[in-house]
Amino acid sequence: MANFDIAPIVHALNDIRSNWRDAQHRARHPDAREFPSRDALARIAGQLKGALFPMRLGPQDMRHESENFYVGYTLSTALQALQEQAALELRYVARRDDPDIAQVERQAHASVAAFAAALPRLRELLDSDVLAAYQGDPAARSVDEVLLCYPGVLALIHHRIAHQLYQEGLPLLARIVAELAHSETGIDIHPGATIGPGLFIDHGTGVVIGETARIGQRVRIYQAVTLGAKRFPVGADGALEKGLARHPTVEDEVVIYAGATILGHITLGRGAIIGGNVWITEDVAPGTTITQASLRSTPKSTAEHAAPATLASA
């Protein structure tokens, strides 16, 4: 077996880590982790999925008579672990202010308790998503197939969990949970996005939904659709301004076909149909159908806005 002189590499990496931590004003806690764990959140997300759907996403030997016991035990384990991760995030956020550890623990407990109380409502939302996928796809043979196999449903399970964590003041944990699904499905939903019941993401690969997007009820989105920002305002200090509404609002019963790019703080009106590979940067009236052909025939006064769609679909 070959031997390598790794001592100088270890020392060099230590120096680089130390310089980074000093530059970022990181506290030094040699006896404890100071940052949430992606691996821990993956385990917690798996436990939560099992508790929400015990007979389909729980253990393979699950029986109906033991559902409540399994759900109770699994939730208790998951929520305890989630509280530990929440405390890590809250301590990390307050690291420059010499945080009151007891107050951090109380806040972590309150946030996780509120998250737990919302789980029945999340299950109802997810039931509507599963049903929308089953009813919207002629290839689906059962709701069980949809729940077990469809990447859009998996992404929405993670999003519903992540969005609730985001709402409870735990955006870093929320982002980790969302990115776990992004890595597995290719569907990128920011946990800040507000999504109504009955969303069907068909196929799904390449879908991007931004932080301030708002999606109504019974919406259908196909693969490679982007609900993104048109521009990023810069403050007086030259840094990007955070938290501004910059993504689309999609009203009820809208259909967006594959490859469409919808940019900016605009509204797609109820029942609108957006064709494939179009580029939209203006409001769309309710009930309107937008296609590449309709954009090419737009009057010259608005053709400037349509031009990217024509070029993008060429």
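Numbering (this note's numbering), first residue to last: 1 to 314.
Glycine residues also receive a C-beta, built at the ideal position from the N, C-alpha and C atoms.
Beta-ladder partner(s) of residue i, from DSSP
i, result
"residue 234", "240"
"residue 188", "208"
"residue 273", "255 and 289"
"residue 268", "250 and 284"
"residue 20", "In the DSSP output, where bridge partners are listed per residue, residue 20 has none listed."
"residue 200", "220"
"residue 227", "209 and 262"
Which listed residue (the options) has its alpha carbon closest to that of residue i
i, options, result
"residue 252", "121, 216, 276 and 37", "216"
"residue 180", "101, 49 and 99", "49"
"residue 52", "233, 117 and 105", "117"
"residue 268", "213, 237, 177 and 243", "213"
"residue 245", "264, 293 and 260", "264"
"residue 277", "222, 57 and 285", "222"
"residue 259", "85, 69, 124 and 225", "225"
"residue 47", "72, 148 and 140", "72"
"residue 170", "130, 140 and 92", "92"
Beta carbon of residue i nearer than 8 angstroms to that of residue j
i, j, result
"residue 280", "residue 257", "no"
"residue 146", "residue 165", "no"
"residue 174", "residue 163", "yes"
"residue 228", "residue 247", "yes"
"residue 219", "residue 188", "no"
"residue 266", "residue 241", "no"
"residue 210", "residue 190", "yes"
"residue 83", "residue 112", "yes"
"residue 35", "residue 88", "yes"
"residue 155", "residue 101", "no"
"residue 40", "residue 85", "yes"
"residue 95", "residue 122", "no"
Inter-residue Cα distance where the pair is residue i and residue j
i, j, result
"residue 287", "residue 249", "15 angstroms"
"residue 10", "residue 107", "38 angstroms"
"residue 59", "residue 66", "11 angstroms"
"residue 64", "residue 198", "27 angstroms"
"residue 144", "residue 18", "51 angstroms"
"residue 114", "residue 168", "7 angstroms"
"residue 185", "residue 233", "31 angstroms"
"residue 195", "residue 43", "25 angstroms"
"residue 81", "residue 24", "27 angstroms"
"residue 135", "residue 152", "14 angstroms"
"residue 2", "residue 21", "34 angstroms"
"residue 75", "residue 192", "24 angstroms"
"residue 132", "residue 238", "44 angstroms"
"residue 119", "residue 126", "10 angstroms"
"residue 294", "residue 261", "16 angstroms"
"residue 310", "residue 270", "Because the pLDDT of residue 310 is 32, which lies under 50, any placement of that residue in the model is unreliable, and the number read from its coordinates should be weighed accordingly. Taking the straight line joining both Cα atoms gives about 25 angstroms."
"residue 148", "residue 57", "8 angstroms"
"residue 13", "residue 109", "36 angstroms"
"residue 141", "residue 55", "18 angstroms"
Exercise for the section: Ignoring anything shorter than 4 residues or poking outside the stretch 133-189, list the alpha helix (DSSP H) runs there in chain order. Expected result: 143-149, 151-167 and 171-185
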